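Numbering (this note's numbering), first residue to last: 21 to 294. In this text, a Cβ means the ideal position worked out from N, Cα and C, and glycines have one as well. Values in this document were obtained by computation on a predicted structure and should not be read as measured data.
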Ligand code: KIV
């Protein structure tokens, strides 16, 4: 295992300066974190996609700080080399800066090295409070899933020039407030390229084209673990849901045929009288 990824090391990763692209992958539990870390990702994101990917909700609005802390702790217990970033869930950073710091503190105590929050310049006071409390922050712009009702669904954002310019301004405001990286989700590639050029911290794209300083995918999407239709920006590198169904069906067939367990899988009484 190499050295641990740190916040300062991530902050400097601009591809225009010759850095290799950052790799961020979500994980929500210890086995997932081990897979992502052993594969060499730079950052493990304990995303609030937890709500949809693992807990079966239709959107990300249902998870709480306690839910996020529970899963962040499971990831952190694996002591990954990758940087652990945890999502601040909806309503945990929308009220006051003091609330925001308290909630982020719960995630840091659970094992996160940094937190991520969604939104642009309206979040500046919260980002400043977090940074003042020594909690590193990642921004998240574009298609921000916690705004699903405002957006009217999970739709590509900033398709028009005015919205694209506002997105660049939002990114600059977040950087001024102290974020060390910005996730850009669901925007045209040209817009992500503009943001990437405008900000001195790395951009990490998802559904935002190739011109970012890194890319992030949801672990279950890239492993083909959820079985459903994937959005256009997902590339599936495995079909684990199919493999898993086949494996469990083979177990069921063995049990029903009396073929499991066999002798090598069975304990017997000890012949040793002691
Ligand atoms: O919650 C999540 O998984 C995310 C990624 C999609 C960036 O925020």
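The alpha-carbon separation between residue 58 and residue 257 amounts to approximately 16 Å.
Comparing alpha carbon positions, the residue from 173, 56, 88 closest to residue 70 is 88. Closest by C-alpha distance to residue 169, out of 251, 280, 80, is 80. The bridge partners DSSP lists for residue 159 are 202. Beta-bridge pairing by DSSP links residue 134 to 105. Around the beta carbon of residue 137, a 10 Å sphere encloses 16 or more other beta carbons of the protein chains shown; the residue is thus reported as buried.
DSSP, reduced to helix, strand and coil, places residue 52 within a helical segment of the structure shown.
Relative to residue 140, the option among 181, 190, 112 whose CA is nearest is 190. Judged by beta-carbon spacing, residue 234 lies beyond the 8 Å limit of residue 202, meaning their Cβ atoms are not closer than that value. Pairwise C-beta distances place the segment 146 to 157 in contact with the segment 109 to 125, as three or more of them are shorter than 8 Å. Under the three-state reduction of DSSP, residue 81 is assigned to helix.
Relative to residue 198, the option among 148, 128, 103 whose CA is nearest is 148. The criterion of a C-beta distance shorter than 8 Å is not satisfied by residue 105 and residue 61. Residue pairing by DSSP places residue 115 opposite no residue, since no beta bridge is assigned to it. A distance of 8 Å or more separates the beta carbons of residue 239 and residue 84. If you look at residue 216, you'll find it in the alpha helix (DSSP H) that goes 209 to 218. Note on residue 268: under 16 other CB atoms within 10 angstroms of its CB, so exposed under the neighbour-count rule.
Bridge partners of residue 44 according to DSSP: 63, 236.
DSSP, reduced to helix, strand and coil, places residue 223 within a strand of the structure shown.
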